[in-house]
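Here the structure is laid out as structure tokens; the discussion comes afterwards.
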Amino acid sequence: MKNQELIDLLTKIVQYLYLIDENIFKIRAYEKAIKTIENLPKPIEEFKNNPEKLYTLDGIGKGIGEKILEYLFTGKIVYYEDLKKQFPESLIEIMSVPGMGPKRTKLLYQKFGIENVKMLKEYAQRGVLENLEGFGKKVVQNILDGINFKSESGLRLLYNEAESLSKDITSFLTEDETISKIDVCGSFRRKKETVGDIDILCCPKKENDFSVIEKFTKYPGVKKVLSQGETKASIVINKNVQVDLRLIKKSSYGSALQYFTGSKEHNIQLREYALEKGYSISEYGVFEVDTKKYVCGKTEDEVYNILGLQYVEPELREGQGEILFAKQNKLPKLLSLKDIKGDTHIHSTFSDGMNTIEEIVHSSEELGYEWIIICDHSKSLKVAHGLDEKELQKKISEIKKVSNRTKLKIFCGTEVDILSDGSLDYSDEILAQIDFVIAAIHTGFKQSEEQITDRILRAMENRYVHAISHPTGRILLKRDSYKVNISKIIEAAKRYNVLMEINAYPDRLDLNDINTKYGKENGVKFCIGTDAHSIKHLNYISYGINVARRGWLERKDVVNTMSAKEIEKYLNFKK
DNA sequence: GCCGTTTTCGGCCCGACTGTTTTCAGTCG
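The first sequence begins at 43 in this note's numbering and counts up one residue at a time.
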């Protein structure tokens, strides 16, 4: 799949366009096209032989479409090669230094020939930049700080890390009880799998009480105050995470919440749509264009409703058609935690889990589940104490024993390895005795895309396989997915009636949101498994639900919403 | 560079903070 390479290339083009001060709307057109490719669930190569389909994609017209085709056929884009002749590529890195934008980057290059971050640092330290027009002592200091900040950070947070950080900061801000409302917005509220920074919105109890801004800058663990105004401040805290706080009064709270939740693309589309209807939207509210009169903005509901739109859940606000659906009153009723009646992927002490089946049962009862599936590893995964056939029999009888002491329905599952030749780690005779078979790849990550795709397809053909676990094998922020044609796998899932797992482990979240949505569009059904290796992990189910919601899934798309009777019937039907 | 149920040309979301300015450019979200 060349999608990421193409995205990287187009992103560089965008940076160059900023540098040469190209028409801002042209730049936005490129940015929009990049978003479209990021949300594409298929390999871009598939458009090689039917370009007409490429041009139907949102934001891709003649100009950018031709460049994409040029890239697919020749591996490069001449337009980009020409841009490189104007300015060295290393200027793009300079522009990524906080405080350095295209204007300053270009000026320093033309005046001093500064073409990389190292040179920038040297010139800044020598004090030669301060006398330039538009520069000054503080600007130069900010640039130096920016260089340090950049070298130390760059990483995004996993969603669950952002979650605990957010809790800590919001409880600090609310401890004096001067605040009536507080929300963490941005990509965190949209439940993205990783979060770049934390955006907090709050409404003080007393109008014009700005004291919380001051308090915010005193948060324990603050490393640097980037900016501090009357209604807005930005800090950097330990771990080099940027946190922004914005104060807003009651009458604007809803529109501010809407605005700061984003995404940028969603907001642009919403505002464009509002203009068609004669309204202008900002974080302060919805206003009539003609009279500039305030119309509403107290709640998010109001903002969408005044435009004749259904309320759009934050998880759907990615500019991927949700506004059109909202217009037609056709948004999905998203899955929620209260719909969940069981977990399809739990490890016990039989393999590499920390807790016994008895303990898992106890915790699952507390969660209000009707059923669970204990999936341990299969025999060849020695590092995880995979079960051989004998141990598997022991596990089956243990489940029977524990079942006598609980109302909870316990299914015996296995996370069976897909071996490097595509065969499964247990014989069909063994698999037939197991209630739920979820097949997974744990070895041979370096194989070619064809090999891995074929391996998984072969596993799916097996009549005893109910599901595919963590279908792309990625570890967020650590390891890329193995090479696999995931759209082929998803399409096959419908054909073979195999579930796609949304693995809820916080650093997996695999399938991801985009592929989940693609699966739904192709009629695929899903199971959400926590992959819990300890009873504490059972709560990870909420992270799986986040992905499901971002993938537009409803109750009916997910087997975890079935009652114990329904799921039993469902699992048997497969055999 | 993209797009169109008034348009194939003329639009394209909106605002805060900083630092350097005498009214605003640059950067950021």
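The beta-carbon is built from N, C-alpha and C at its ideal position, and this holds for glycine as well.
Worksheet item: Who are the Cβ neighbours of Ser529 in its own chain at under 6 Å, not counting the five residues just before and after it?
Response: On the first sequence, residue 529 is found 487 positions in, with the first residue counted as 1. Cβ within range, chain order: Pro83 and Lys84.
Fill in: Residues bridged to Val507 (per DSSP)
Residue 507 sits at position 465 when you count from the first residue of the first sequence. Its beta-bridge partners do not exist; DSSP assigns none.
Practice prompt. Have a look at Ile498, Thr514 and Thr147 and flag the residue whose alpha-carbon is nearest the alpha-carbon of Gly176.
Written response: On the first sequence, position 134 is the one that residue 176 refers to. Per the Cα distances, Thr147.
Item to complete: Helix, strand or coil for Glu217, going by three-state DSSP, please let me know.
Response: In the first sequence, the residue the question calls residue 217 occupies position 175. Three-state DSSP puts Glu217 in coil, outside helix and strand.
Fill in: Inter-residue CB distance, Ile255 and Ile211 (contact presumed, cutoff 8 Å)
Against the first sequence, residue 255 aligns to sequence position 213. Against the first sequence, residue 211 aligns to sequence position 169. That pair is no contact at about 13 Å.
Item to complete: Would you be able to state if there are at least three C-beta pairs under 8 Å between the region 338-350 and the region 47-67?
Response: no
Worksheet item: Are there three or more Cβ pairs, one per stretch, closer than 8 Å when the region 378-390 is compared with the region 596-607?
Response: yes
Worksheet item: Contact check, Thr456 vs Ser420 under 8 Å by CB: the rounded distance?
Response: Sequence index remark: in the first sequence, residue 456 carries index 414 (1-based). Sequence index remark: in the first sequence, residue 420 carries index 378 (1-based). Confirmed, Cβ separation roughly 6 Å.
Practice prompt. Can you have a look at Thr319 and say buried or exposed, based on whether 16 or more other CB atoms are within 10 angstroms of its CB?
Written response: By 1-based counting over the first sequence, the position of residue 319 is 277. Thr is not the amino acid found at residue 319; the sequence shown has Lys there. Under this definition Lys319 is an exposed residue.
Practice prompt. Identify the continuous alpha helix (DSSP H) that holds Gln46 and give its terminal residues.
Written response: As a working mapping, residue 46 is identified with position 4 in the first sequence. Here the alpha helix (DSSP H) through Gln46 covers Asn45 to Leu61.
Fill in: Endpoints, the beta strand (DSSP E) within which Asn545 is located
Within the first sequence, the letter at position 503 stands for residue 545. It spans Leu541 to Asn545 - the beta strand (DSSP E) in which Asn545 sits, taken as one unbroken run.
Practice prompt. Compute the beta-carbon to beta-carbon distance between Leu317 and Val328, rounded to the nearest angstrom, for a pair I have assumed lies under 8 Å.
Written response: What you label residue 317 is simply residue 275 of the first sequence in a count that begins at 1. What you label residue 328 is simply residue 286 of the first sequence in a count that begins at 1. 11 Å between Cβ atoms; not a contact.
Worksheet item: In this structure, does DSSP put His389 in helix, strand or coil?
Response: As a first step, residue 389 must be located in the first sequence, where it is residue number 347. Note: His389 maps to coil in three-state DSSP.
Worksheet item: Is it buried or exposed for Leu541, if we count other Cβ within 10 angstroms and need 16 for buried?
Response: By 1-based counting over the first sequence, the position of residue 541 is 499. Buried: at least 16 other Cβ atoms inside 10 Å.
Discussion item. Please state the DSSP three-state secondary structure of Arg447.
Written reply: What you label residue 447 is simply residue 405 of the first sequence in a count that begins at 1. Coil.
Worksheet entry | Residue range of the unbroken alpha helix (DSSP H) whose run includes His404 | For the purposes of this step, residue 404 is taken as residue 362 along the first sequence, with counting starting at 1. From DSSP, the alpha helix (DSSP H) with His404 extends over Ile399 to Glu408.
Practice prompt. Please go through the same chain and pick out, in chain order, the residues whose beta-carbon is closer than 7 Å to the beta-carbon of Thr236, but skip the five residues on each side of it.
Written response: Residue 236 sits at position 194 when you count from the first residue of the first sequence. Only Arg198, Leu199, Leu200, Tyr201, Leu518 and Leu519 meet the Cβ criterion.
Worksheet item: Would you call the region 501-516 and the region 551-565 in contact, with 3 or more CB pairs under 8 Å?
Response: yes
Worksheet item: When you compare only the Cα positions, how much space is there between Glu205 and Gln167?
Response: On the first sequence, position 163 is the one that residue 205 refers to. On the first sequence, position 125 is the one that residue 167 refers to. Using only the alpha carbons, I get a separation of about 38 Å.
Worksheet entry | Secondary structure, alpha helix (DSSP H): runs of 4+ residues fully inside the region 239-270 | 253-258
Worksheet item: Which residues share a DSSP beta bridge with Lys223?
Response: As a first step, residue 223 is located in the first sequence; it is residue number 181 there, counting from the start. In DSSP, Lys223 forms a bridge with Cys245.
Discussion item. Rounded to whole angstroms, what is the Cα-Cα separation between Gly571 and Ile483?
Written reply: As a working mapping, residue 571 is identified with position 529 in the first sequence. As a working mapping, residue 483 is identified with position 441 in the first sequence. Each residue's Cα considered, the two are about 16 Å apart.
Worksheet item: Can you name the residues that DSSP bridges to Arg521?
Response: Looking up residue 521 in the first sequence gives position 479. Ile517.
Worksheet item: Three or more beta-carbon pairs under 8 Å between the region 409-423 and the region 462-479, yes or no?
Response: yes
Fill in: Inter-residue Cα distance where the pair is Ser605 and Trp413
As a first step, residue 605 must be located in the first sequence, where it is residue number 563. As a first step, residue 413 must be located in the first sequence, where it is residue number 371. Spanning the two alpha carbons is a distance of roughly 8 Å.
Worksheet item: Where do the N-terminal and C-terminal ends of the alpha helix (DSSP H) with Val278 fall, by residue?
Response: Taking the first sequence and counting its residues from 1, the one referred to as residue 278 is at position 236. Premise fails: Val278 lies in the beta strand (DSSP E), Lys274 to Ile279, not in any alpha helix (DSSP H).
Worksheet item: Can you name the residues that DSSP bridges to His419?
Response: For the purposes of this step, residue 419 is taken as the residue at position 377 of the first sequence. Paired residues: Glu457.
Worksheet entry | the region 562-581 in contact with the region 111-131 per 3-pair CB rule at 8 Å | no
Worksheet item: What does Tyr321 pair with, by DSSP beta-bridge criteria?
Response: Residue mapping note: residue 321 aligns to position 279 of the first sequence, counting from 1. Answer is Glu330, bridged to Tyr321.
Worksheet entry | CB of Ala574 within 8 Å of CB of His427, strictly | On the first sequence, position 532 is the one that residue 574 refers to. On the first sequence, position 385 is the one that residue 427 refers to. No, these two residues do not count as a Cβ contact at 8 Å.
Item to complete: Could you tell me if Ala474 is buried or exposed, where buried requires 16 or more neighbouring beta carbons within 10 angstroms of its beta carbon?
Response: Start at 1 with the first residue of the first sequence, and residue 474 comes out as number 432. Exposed.
Fill in: Cβ-based burial, Leu366 [other Cβ within 10 Å; buried from 16]
As a first step, residue 366 must be located in the first sequence, where it is residue number 324. Its Cβ having fewer than 16 others within 10 Å, Leu366 is exposed.
Discussion item. Could you compute how far the alpha carbon of Leu268 sits from the alpha carbon of Leu207?
Written reply: Within the first sequence, the letter at position 226 stands for residue 268. Within the first sequence, the letter at position 165 stands for residue 207. Going from the Cα of Leu268 to the Cα of Leu207 covers about 19 Å.
Practice prompt. Given a cut-off of 8 Å, decide if Val283 and Ile224 are closer than it, judged by their beta-carbon atoms.
Written response: Numbered from its first residue, the first sequence carries residue 224 at position 182. Numbered from its first residue, the first sequence carries residue 283 at position 241. No, Cβ-Cβ distance for Ile224 and Val283 is not below 8 Å.
Discussion item. Along the chain, where does the alpha helix (DSSP H) containing Phe302 start, and where does it finish?
Written reply: Taking the first residue of the first sequence as 1, we reach residue 302 at position 260. That run of the alpha helix (DSSP H) goes Tyr295 to Thr303.
Item to complete: Starting from Leu621, follow its DSSP beta bridges and name the residues at the other end.
Response: The first residue shown for the chain is 43 and the last is 617, placing residue 621 beyond what the model contains.
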